Structure formats: structure tokens, C-alpha cells
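**Q** As you go down the protein sequences, you meet chains A and B in turn.
Taking the working numbering, the leading residue of the first sequence gets 4, the next gets one more, and so forth.
Taking the working numbering, the leading residue of the second sequence gets 182, the next gets one more, and so forth.
The structure is given below, and queries will be raised subsequently.
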Amino acid sequence: MLKIDNLRAEVDGKEILKGLSLEVHAGEVHAIMGPNGAGKSTLGYVLGGRPGYAPTGGSVDFDGADLLEMAPHERAAAGLFLGFQYPVEIPGVSNVQFLREALNAQRRGRGEAALSGGEFLKLARAQADALGMDQEMLKRPVNVGFSGGEKKRNEMVQMGIIGPRLAILDETDSGLDIDALKAVGDGINRIMRAPGKAVILITHYQRLLDYVRPDFVHVLEMGRITRTGGPELAQQLEREGYGAVAA
Amino acid sequence: MTTLELPSPKQEEWRWADMASLKAAAATEPRVAGVAPGELFLDLEGPRLLFVDGVFEPAHSRPGPVQVGRIVPDSAHPLGTRAGGEGWMLSLDAQAAVTGIQIVHLGSGGESHVPARIMLGEDAVASVVETYAGAGWANRIATISLAKGARLMRSVRLLQNEGFVSIRDEADVGEAASLVSIFLGAGGMGTRIDGALTLTGKGAFAEMGGALLTRGSQRQECAVSVRHEETDGSSKQIWRAVAADKSVASLAARVEVARGAQKTDGEQSLRGLLLDRTATVNLKPELEIFADDVKCAHGATVGELDKRALFYLQSRGIDEARATAMLTRAFVADALARIGEEDVREAFEADADKWLEGAL
Numbered sequence: 004m005l006k007i008d009n010l011r012a013e014v015d016g017k018e019i020l021k022g023l024s025l026e027v028h029a030g031e032v033h034a035i036m037g038p039n040g041a042g043k044s045t046l047g048y049v050l051g052g053r054p055g056y057a058p059t060g061g062s063v064d065f066d067g068a069d070l071l072e073m074a075p076h077e078r079a080a081a082g083l084f085l086g087f088q089y090p091v092e093i094p095g096v097s098n099v100q101f102l103r104e105a106l107n108a109q110r111r112g113r114g115e116a117a118l119s120g121g122e123f124l125k126l127a128r129a130q131a132d133a134l135g136m137d138q139e140m141l142k143r144p145v146n147v148g149f150s151g152g153e154k155k156r157n158e159m160v161q162m163g164i165i166g167p168r169l170a171i172l173d174e175t176d177s178g179l180d181i182d183a184l185k186a187v188g189d190g191i192n193r194i195m196r197a198p199g200k201a202v203i204l205i206t207h208y209q210r211l212l213d214y215v216r217p218d219f220v221h222v223l224e225m226g227r228i229t230r231t232g233g234p235e236l237a238q239q240l241e242r243e244g245y246g247a248v249a250a
Numbered sequence: 182m183t184t185l186e187l188p189s190p191k192q193e194e195w196r197w198a199d200m201a202s203l204k205a206a207a208a209t210e211p212r213v214a215g216v217a218p219g220e221l222f223l224d225l226e227g228p229r230l231l232f233v234d235g236v237f238e239p240a241h242s243r244p245g246p247v248q249v250g251r252i253v254p255d256s257a258h259p260l261g262t263r264a265g266g267e268g269w270m271l272s273l274d275a276q277a278a279v280t281g282i283q284i285v286h287l288g289s290g291g292e293s294h295v296p297a298r299i300m301l302g303e304d305a306v307a308s309v310v311e312t313y314a315g316a317g318w319a320n321r322i323a324t325i326s327l328a329k330g331a332r333l334m335r336s337v338r339l340l341q342n343e344g345f346v347s348i349r350d351e352a353d354v355g356e357a358a359s360l361v362s363i364f365l366g367a368g369g370m371g372t373r374i375d376g377a378l379t380l381t382g383k384g385a386f387a388e389m390g391g392a393l394l395t396r397g398s399q400r401q402e403c404a405v406s407v408r409h410e411e412t413d414g415s416s417k418q419i420w421r422a423v424a425a426d427k428s429v430a431s432l433a434a435r436v437e438v439a440r441g442a443q444k445t446d447g448e449q450s451l452r453g454l455l456l457d458r459t460a461t462v463n464l465k466p467e468l469e470i471f472a473d474d475v476k477c478a479h480g481a482t483v484g485e486l487d488k489r490a491l492f493y494l495q496s497r498g499i500d501e502a503r504a505t506a507m508l509t510r511a512f513v514a515d516a517l518a519r520i521g522e523e524d525v526r527e528a529f530e531a532d533a534d535k536w537l538e539g540a541l
């Protein structure tokens with residue numbers, strides 16, 4: 004599904020990703036762990052196409068297409084979902100309006116018919132219920148006044164509504180209490196644990212991996228993947244720290 | 182045509198005024214506007230008046246209680262004082278209510294002057310929607326007087342393709358009366374919106390605000406002043422300016438609180454959004470307070486769209502142009518949200534959307 008080959012990227016003229024390679028197949032969950040400053044969030048933004056996160060070498064193939072050549076909204080329509088570490092507050096735009104526009108733009112991009120207001124609301128309410136998000140919050144401006152946990156739940160509600168094939172979730176577990184962590188973990192499993200779908204979990208800690216069991220764990224350090232293993236690698240990292248494991 | 186003597190940019194109140202565009206608009210030859218007047222009215226019950234080049238057109242009008250006749254404006258304002266001639270007048274007795282009044286001004290070129298007078302008796306209620314379309318220089322003055330408890334909601338949209346619209350409002354808001362005037366500048370013309378609202382009764386409420394959207398080399402501005410003369414009054418000035426290309430949008434708003442006008446609650450919010458680095462937004466917030474027990478919240482900011490928000494929308498599948506439009510619309514939303522009638526507000530929002538589609 005996704006093949007990252009020797010990817011290099013820079014931010015503000017500084018090289019952050021230094022030849023990163025990773026292959027993700029349908030049905031897999033990959034965890035990418037690593038210390039602060041290793042390039043974890045940069046990887047997410049480069050794959051999402053954020054301006055200022057400039058690829059300088061290597062390639063990213065997403066189902067046979069050159070991902071790096073696509074505009075951010077085209078990547079979304081192709082099935083990529085980027086879960087933000089810090090979801091952005093957008094005053095004046097309601098969640099419902101935002102998500103309906105987003106979903107229908109993607110559907111148009113794929114040559115599918117747009118959903119009506121009624122169809123969309125039904126879908127949105129079902130996803131909000133499944134994530135334990137108050138339906139009233141769907142009407143509120145995007146993330147405005149939401150707590151950290153509510154913002155992350157909202158990311159999962161968005162993911163549920165949009166239904167991507169590949170989700171890249173950047174520190175989705177940060178700022179969550181234990182109930183929210185479980186709700187978010189359940190959400191990831193429910194929405195993304197399906198044949199034909201895959202997940203890249205970018206995380207600093209092992210605790211989300213108690214709920215979403217990865218098939219592969221990678222250690223990202225100094226802009227490249229230095230080690231790959233199974234779930235036991237995450238536990239070892241948690242126990243011994245990045246320094247010891249990498250050495 | 183007589184020589185047009187206009188205020189000079191050397192005068193502080195006129196420093197951002199685009200009098201050259203006004204002059205050019207006044208000098209244009211009338212030509213067929215190509216706009217069907219019927220399309221300029223919203224689908225509202227209620228009186229309708231059409232003025233074409235400043236002349237009342239009975240064929241497209243159903244004035245109801247609105248009277249048409251000569252009015253000589255009693256104003257010292259340099260543009261307002263010129264706006265004499267045939268105009269319209271709404272005079273309501275105590276407790277009377279007329280809503281959904283629509284006044285459409287269609288210009289084909291040259292200059293036109295139409296005065297208006299609105300006088301509401303005690304507890305009377307009125308709502309008026311004004312639409313400007315076409316070309317030329319449209320010069321208007323509205324003299325408004327609200328008796329105790331009267332309420333006026335006024336929504337004005339400036340949609341001329343070219344030319345210039347100058348509007349002067351002079352209002353006297355009595356005890357517990359309420360005046361709300363909201364403007365949308367979403368055409369290709371230059372504008373000057375001038376206002377002097379005076380709260381002369383205890384507990385009065387006055388509001389003047391709106392959104393000015395400019396592009397190309399267009400210049401739009403407002404210069405509004407609210408004066409509190411009595412106690413317990415409140416006022417709002419919520420203005421948003423969006424400027425693209427090489428355009429200039431200027432917002433000057435002033436709150437004056439007279440000695441003794443205690444317990445005044447004033448709110449002033451001026452915000453500018455630059456869609457291009459070549460555009461300009463000027464803000465001039467002013468407060469002049471001579472009473473000591475007063476609350477006057479004020480804020481003035483100019484910025485660009487939040488790049489993080491833009492990427493957030495794009496990452497969910499919305500293309501850049503649409504994402505920019507959504508965020509820009511959200512930026513002007515609080516100004517247009519002040520329009521009390523839902524159908525009118527939706528029409529104004531649709532006008533703003535149309536502008537955005539063209540500009541982005």
C-alpha cells in the first residue's frame with residue numbers, strides 16, 4: 004500500500020529525515036516510536052503534504068501513485084488520513100460543515116456522489132456516538148474550546164466519517180486520560196482494523212499500543228529507522244529507554 | 182456639471198478616502214446597466230422601492246407606508262449635504278411595525294443623490310434592506326430618529342460592479358431604543374460609509390458594523406462614530422475587512438462617552454484579513470471617554486489566514502481555494518451574524534460567498 008524509499012526531507016533548510024525507508028501493507032498496523040526530535044511528526048507532515056516540509060530525496064509510492072507529487076487534498080481523496088498531534092481550532096466553521104465539505108470533496112475527487120445533509124448527519128451522529136462524543140459538539144466550531152481529549156476524539160470521529168484506507172496518527176495518545184485513551188484505541192481498531200486498511204501510529208509511549216496492538220514496531224532516530232521488531236520491541240523501549248535499545 | 186468640491190485627504194477624517202474614484206464614477210456616462218431590477222429584491226413580503234439613477238421607479242415598486250418626496254438634508258457632512266432631492270421617508274406611529282422594507286438603488290453611470298428619513302415613534306419596529314447595484318456614483322444620506330423603545334434593523338449591501346457608493350448615516354437613538362445597521366461591501370465599487378450615531382436616551386443601544394471585501398485596486402472604507410450622551414447605553418462596532426490583490430480596506434471607528442454617560446457599555450472590534458501581501462488594511466480605533474464608570478472593550482488586529490488551519494482543512498480533502506474561502510467566510514461571519522433576520526442574513530452570506538468565489 005505504502006512504500007517509502009530512502010526519503011529525505013528538510014524543514015527551514017535543516018535536514019530532518021535522512022533516508023527513511025518503510026513499507027506498509029494492507030491489514031497492517033505499524034508503530035513508529037522514537038525520542039523527541041527524531042523526525043516522527045515531520046514524517047507525518049511530509050506524507051500529508053504540509054507546506055514547509057519539503058522532500059529533498061527518495062520516493063513515496065501510495066498504491067502505485069507518487070504521493071509526493073499530489074496536493075494535500077488529493078492525498079486525502081486517495082485515502083490518506085493524517086491525525087494531528089495538535090488539532091487546529093477553526094472559529095466560525097462548524098464541525099458538521101467542515102466534515103461534510105471534506106467528505107463530499109473527497110467523494111467528488113473519487114467520482115462518487117455527494118452525500119445529502121440528512122445522510123451525512125446520520126453518519127456523523129453514528130460516529131460521534133461510537134467515540135463517546137456529545138452530538139452537540141458536532142454543531143460547534145471545529146475544536147474551539149475543546150479539551151485536549153475532546154480534540155483527539157474529534158480526530159477519530161473525523162476518521163470514522165471519512166473512512167480512509169491509510170491512517171497516519173501523530174501522537175494521538177498525547178494529552179489523553181485513561182478513558183479517552185481507551186475510547187481512541189477502540190476507535191482506531193473499529194475504524195481501521197479491516198482488510199484493505201492500514202495504520203501508522205506515531206507515538207512516544209507504549210501505552211496506546213496496549214489498546215492497538217501493532218504488527219510492527221519501528222524505532223525512528225536521527226531521521227531514519229534504526230530498528231524494527233514486533234510488539235515486544237515497544238515494551239523493551241518502554242523498559243529500557245531509547246538510548247539503551249538503539250545502542 | 183458643476184465642479185465637484187470634495188474633502189481633501191489632508192483632512193484626518195478623509196485620509197484614506199478614495200475621492201479620485203468617486204470623481205471618476207461621477208463623470209461616467211450613463212449606459213444600460215444590464216441588471217434586471219427584479220433580481221435585486223430579496224424574496225421578502227413587505228414594501229419595495231426601486232430608484233434608478235436616483236429616480237423613483239413606480240413600476241417596480243410597491244411602497245406601502247414608505248413615502249417618496251423631496252427631502253432637504255439638514256447635515257453639515259461634506260457628502261451628505263449634497264444628497265438632497267427626491268428621496269424616501271418612513272414615519273411610523275407609536276407601536277406600529279413594518280418589516281421587510283426593501284430599497285434598491287440601481288445606477289447606470291453619472292451621479293445620483295437620494296436622501297432618506299426614518300422616524301419611528303415609541304415602541305415602533307421596522308426593518309429595512311438596502312441594495313446598491315450597477316455603476317456610477319451613488320450618494321446617500323439617511324437621517325434616523327428613534328423614539329423611546331423603537332427598534333430599527335437596517336441591512337445594507339453594496340454590490341455595484343463599479344463606480345462609487347457613499348453613505349452618510351445620522352441617527353438619534355432615544356431611551357431604550359435600538360438601532361442596528363449592518364453593511365456588506367461585496368461589489369467592485371469604491372465605498373465610503375460614514376456614520377454618526379448619537380445615543381440621546383437612557384439605556385439606548387446603537388450598532389453599526391459589517392464586512393468590507395476588496396480586491397483588484399478597489400478601496401472601501403468606513404468612518405463611523407458612536408456618541409453616548411446618556412447613562413446605561415450600549416453600543417457595538419464590529420467591522421471586518423478582507424483585502425486581496427492591491428486593494429485597500431480601511432476601518433475607522435470611534436466611541437465617544439460624554440461626561441455623565443455612566444454605565445456605558447461599548448464594544449469595538451476591528452479586524453483585517455490580508456489575502457495577499459500586496460493588499461492593505463488600515464484600522465483606526467478611537468475611544469474618547471469623559472465618564473468614569475464605563476466599560477469599553479476594544480480590539481484591532483490585522484493578519485493573514487492561519488496557515489495551520491488551511492493545511493488542516495486541506496488534509497481532510499478540501500482544496501486550497503475552497504479552504505481559503507471557508508476560512509475567509511468564517512472571518513467575516515461574526516459581523517454578518519449581527520443581522521437579525523435569518524433570510525436577510527443568508528442572502529448577505531450568499532453575496533459574501535459569491536465574492537469569495539470570484540476573488541479566490
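No residue lacks a Cβ here, since even glycine has one placed at the ideal position from N, Cα and C.
Just so it is clear, the structure is predicted and the values come from calculations on it, not from any experiment.
Which residues of the region 487–511 of chain B have a Cβ closer than 9 Å to any Cβ of chain A? Give them in chain order.
**A** 487, 488, 489, 490, 491, 492, 493, 494, 495, 496, 497, 498, 499, 500, 501, 503, 504, 507, 508, 510 and 511
**Q** Of the residues B:422, B:433 and B:413, which one's Cα is nearest the Cα of residue 476 (chain B)?
**A** Working through the second sequence from its first residue, we reach residue 476 (chain B) at position 295. Checking every option, the nearest Cα to that of residue 476 (chain B) belongs to B:413.
**Q** Measure the Cβ-Cβ separation of residue 365 (chain B) and residue 492 (chain B) and say whether it is below 8 Å.
**A** On the second sequence, position 184 is the one that residue 365 (chain B) refers to. On the second sequence, position 311 is the one that residue 492 (chain B) refers to. 8 Å or more divides the Cβ of residue 365 (chain B) from the Cβ of residue 492 (chain B).
**Q** With 8 Å set as the bound, which would you pick, yes or no: does the beta-carbon of residue 250 (chain A) sit closer than that to a beta-carbon of chain B?
**A** Taking the first sequence and counting its residues from 1, the one referred to as residue 250 (chain A) is at position 247. The predicted position of residue 250 (chain A) is uncertain, since its pLDDT is 48 and thus under 50; a value taken from the coordinates is nonetheless stated next. False, the Cβ-Cβ gap to chain B never drops below 8 Å.
**Q** Could you work out which residue in A:175, A:163, A:87 and A:80 is closest to residue 194 (chain A) when comparing CA atoms only?
**A** To locate residue 194 (chain A), count along the first sequence from 1; it is residue 191. Out of A:175, A:163, A:87 and A:80, the CA that lies nearest to the CA of residue 194 (chain A) is found in A:163.
**Q** Residues bridged to residue 364 (chain B) by DSSP?
**A** In the second sequence, the residue the question calls residue 364 (chain B) occupies position 183. According to DSSP, residue 364 (chain B) bridges with B:337 and B:391.
**Q** Taking the alpha-carbon positions, what's the residue 182 (chain B) to residue 294 (chain B) distance?
**A** By 1-based counting over the second sequence, the position of residue 182 (chain B) is 1. By 1-based counting over the second sequence, the position of residue 294 (chain B) is 113. The predicted position of residue 182 (chain B) is uncertain, since its pLDDT is 44 and thus under 50; a value taken from the coordinates is nonetheless stated next. Their backbone Cα atoms lie some 14 Å apart in a straight line.
**Q** Sort A:123, A:216 and A:97 by Cα distance to residue 233 (chain A) and report the nearest one.
**A** For the purposes of this step, residue 233 (chain A) is taken as the residue at position 230 of the first sequence. Taking only the C-alpha atoms, the option nearest residue 233 (chain A) is A:216.
**Q** Looking at chain A, is there any beta carbon in it that lies within less than 8 Å of the beta carbon of residue 514 (chain B)?
**A** Sequence index remark: in the second sequence, residue 514 (chain B) carries index 333 (1-based). Yes, residue 514 (chain B) lies at the interface with chain A (some Cβ there is under 8 Å from its Cβ).
**Q** Return yes when the Cβ of residue 321 (chain B) is within less than 8 Å of the Cβ of residue 264 (chain B), no when it is not.
**A** Residue 264 (chain B) sits at position 83 when you count from the first residue of the second sequence. Residue 321 (chain B) sits at position 140 when you count from the first residue of the second sequence. A contact, by the Cβ cut-off of 8 Å.
**Q** Would a C-beta distance cut-off of 8 Å place residue 205 (chain A) and residue 236 (chain A) closer than the cut-off?
**A** If you number the first sequence from 1, residue 205 (chain A) lands on position 202. If you number the first sequence from 1, residue 236 (chain A) lands on position 233. For residue 205 (chain A) and residue 236 (chain A), no; Cβs fall outside 8 Å.
**Q** Which stretch, first to last residue, makes up the beta strand (DSSP E) that contains residue 420 (chain B)?
**A** As a first step, residue 420 (chain B) must be located in the second sequence, where it is residue number 239. Segment 415–424, the beta strand (DSSP E) holding residue 420 (chain B).
**Q** Quick check: what's the CA-CA separation for residue 546 (chain B) versus residue 307 (chain B)?
**A** Chain B is shown only over 182 to 541; residue 546 (chain B) falls outside these bounds and no answer can be derived.
**Q** Is residue 535 (chain B) buried or exposed, if buried means 16 or more other CB atoms sit within 10 Å of its CB?
**A** As a position in the second sequence, residue 535 (chain B) is number 354, starting the count at 1. Looking at its Cβ environment, which holds fewer than 16 other Cβ atoms inside 10 Å, residue 535 (chain B) is exposed.
**Q** Determine the DSSP secondary structure at residue 306 (chain B), reduced to helix, strand or coil.
**A** Taking the second sequence and counting its residues from 1, the one referred to as residue 306 (chain B) is at position 125. Residue 306 (chain B): strand per DSSP, three-state reduction.
**Q** Consult DSSP for residue 61 (chain A) and reduce its assignment to one of helix, strand or coil.
**A** Sequence index remark: in the first sequence, residue 61 (chain A) carries index 58 (1-based). In the three-state reduction of the DSSP assignment, residue 61 (chain A) falls in the strand class, which pools E and B.
**Q** What is the DSSP secondary structure of residue 448 (chain B), counted as helix, strand or coil?
**A** In the second sequence, the residue the question calls residue 448 (chain B) occupies position 267. Correct three-state label for residue 448 (chain B): strand.
**Q** Exposed or buried, residue 203 (chain B), counting other C-beta atoms within 10 Å across all chains shown (16 or more means buried)?
**A** Taking the first residue of the second sequence as 1, we reach residue 203 (chain B) at position 22. Classification of residue 203 (chain B): buried, given that the 10 Å Cβ count is 16 or more.
**Q** Under 9 Å between beta-carbons, which chain B residues line up against residue 96 (chain A)? List them in chain order, please.
**A** For the purposes of this step, residue 96 (chain A) is taken as residue 93 along the first sequence, with counting starting at 1. Those are 490, 494, 507, 508, 510, 511 and 514, listed as they occur along chain B.
**Q** So residue 511 (chain B) is in the alpha helix (DSSP H); what residue range does that whole segment cover?
**A** On the second sequence, position 330 is the one that residue 511 (chain B) refers to. Residue 511 (chain B) -> alpha helix (DSSP H) spans 501–517.
**Q** What residues match up with residue 111 (chain A) in a beta bridge as DSSP calls it?
**A** As a position in the first sequence, residue 111 (chain A) is number 108, starting the count at 1. Residue 111 (chain A) is not bridged to any residue.
**Q** Indicate the three-state DSSP secondary structure (helix, strand or coil) for residue 195 (chain B) in the structure shown.
**A** Your numbering for residue 195 (chain B) matches position 14 in the second sequence. Under the three-state reduction of DSSP output, residue 195 (chain B) falls in the helix class.
**Q** Check whether the Cβ of residue 136 (chain A) lies closer than 7 Å to any heavy atom of the ligand GDP, and answer yes or no.
**A** Looking at this structure, you won't find the ligand GDP or any other ligand, since it has none at all.
**Q** What are the start and end residues of each continuous alpha helix (DSSP H) run of 4 or more residues lying completely inside the region 11–95 of chain A, in chain order?
**A** 43–51 and 75–80
**Q** Compare the Cα-Cα distances from residue 252 (chain B) to each of B:352, B:259, B:311 and B:323 and report the closest residue.
**A** Position 71 of the second sequence holds residue 252 (chain B). Of B:352, B:259, B:311 and B:323, the smallest CA-CA separation from residue 252 (chain B) is found for B:323.
**Q** In the DSSP assignment, the alpha helix (DSSP H) including residue 130 (chain A) goes from what residue to what residue?
**A** Translated into the one-based positions of the first sequence, residue 130 (chain A) becomes position 127. Its alpha helix (DSSP H) spans residues 120–134.
**Q** What are the start and end residues of each continuous beta strand (DSSP E) run of 3 or more residues lying completely inside the region 185–269 of chain B, in chain order?
**A** 229–233 and 248–252
**Q** Please state whether the Cβ-Cβ distance between residue 379 (chain B) and residue 410 (chain B) is less than 8 Å.
**A** Stepping through the second sequence from its first residue, residue 379 (chain B) is reached at position 198. Stepping through the second sequence from its first residue, residue 410 (chain B) is reached at position 229. Yes, these two residues count as a Cβ contact at 8 Å.
**Q** Strictly below 8 Å CB to CB, what residues from chain B border residue 54 (chain A)?
**A** The residue you call residue 54 (chain A) lines up with position 51 of the first sequence. The contacting residues are 488 and 492.
**Q** Please report whether the beta-carbon of residue 149 (chain A) lies at a distance below 8 Å from any beta-carbon of chain B.
**A** The count along the first sequence starts at 1 and reaches residue 149 (chain A) at position 146. Judged by the 8 Å Cβ criterion, residue 149 (chain A) is not in contact with chain B.
**Q** Assign residue 442 (chain B) to buried or exposed, taking buried as 16 or more other Cβ atoms, counted over all protein chains shown, within 10 Å of its Cβ.
**A** Taking the second sequence and counting its residues from 1, one reaches residue 442 (chain B) at position 261. Looking at its Cβ environment, which holds 16 or more other Cβ atoms inside 10 Å, residue 442 (chain B) is buried.
**Q** Check whether chain B comes within 8 Å of residue 75 (chain A), counting only Cβ atoms and requiring the distance to be less than that.
**A** As a first step, residue 75 (chain A) must be located in the first sequence, where it is residue number 72. Yes, because at least one Cβ of chain B sits closer than 8 Å to the Cβ of residue 75 (chain A).
**Q** Across the region 423–435 of chain B and the region 455–466 of chain B, are there enough close Cβ pairs to call them in contact, namely three or more that are closer than 8 Å?
**A** yes
**Q** Between residue 65 (chain A) and chain E, is the shortest Cβ-Cβ distance under 8 Å, so that the two count as touching?
**A** Note that chain E does not occur in the displayed structure, where the protein chains are A and B.
**Q** Could one say the Cβ of residue 91 (chain A) lies closer than 8 Å to chain B's Cβ atoms, at least one of them?
**A** What you label residue 91 (chain A) is simply residue 88 of the first sequence in a count that begins at 1. Answer yes: the Cβ-Cβ gap between residue 91 (chain A) and chain B drops below 8 Å somewhere.
**Q** According to DSSP, simplified to helix, strand and coil, what is residue 540 (chain B)?
**A** As a position in the second sequence, residue 540 (chain B) is number 359, starting the count at 1. DSSP places residue 540 (chain B) in helix when its eight states are reduced to three.
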